[in-house]
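Participant: Can you keep this structure in mind? I'll have questions shortly.
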Amino acid sequence: MPTVDMSAVTWRKSARSGNHGSGGNCVEVAFTGPAVAVRDSKEPERGALAFTPQAWSAFLASLR
16 MPTVDMSAVT
26 WRKSARSGNH
36 GSGGNCVEVA
46 FTGPAVAVRD
56 SKEPERGALA
66 FTPQAWSAFL
76 ASLR
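Converting from the sequence shown to my numbering requires adding 15 to each position, the first position being numbered 1.
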């Protein structure tokens, strides 16, 4: 998988991830082109996990 500059991506999180009992705990996702990056919104400095778009789609399908 190619190296992606994570400082240049736009991170997104669900509108449902507010403080409604979750304490704001959620993940952020960035679509970088060659990869889908996922990180902890409370500790973004700890880095991100990168998935191929196919692996990300399979993961989401398994949640449904």
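We put the CB at the ideal spot given by N, CA and C, even for glycine.
Remember, predicted model here, so these are calculated numbers, not experimental data.
Do Ala50 and Ala65 have their C-beta atoms within less than 7 angstroms of each other?
Facilitator: Your numbering for residue 50 matches position 35 in the sequence shown. Your numbering for residue 65 matches position 50 in the sequence shown. Their beta carbons are under 7 angstroms apart, which means Ala50 touches Ala65 by this criterion.
Participant: With DSSP collapsed to three states, give me the class of Ala85.
Facilitator: Since the first residue shown for the chain is 16 and the last is 79, residue 85 is missing from the structure and cannot be characterised.
Participant: Under 6 angstroms Cβ to Cβ from Gly62, same chain only, skipping five residues before and after it: list those, please.
Facilitator: Within the sequence shown, numbered from 1, the residue matching residue 62 stands at position 47. So no residue of the chain qualifies.
Participant: When the distance is taken between beta carbons, is Ser22 closer than 7 angstroms to Cys41?
Facilitator: By one-based count along the sequence shown, residue 41 stands at place 26. By one-based count along the sequence shown, residue 22 stands at place 7. No, the Cβ-Cβ distance between Cys41 and Ser22 is not below 7 angstroms.
Participant: Give me the Cα-Cα distance between Ala70 and Arg27, rounded to the nearest whole angstrom.
Facilitator: Residue numbering aside, residue 70 sits at position 55 when the sequence shown is read from its first letter. Residue numbering aside, residue 27 sits at position 12 when the sequence shown is read from its first letter. Taking the straight line from one Cα to the other gives about 19 angstroms.
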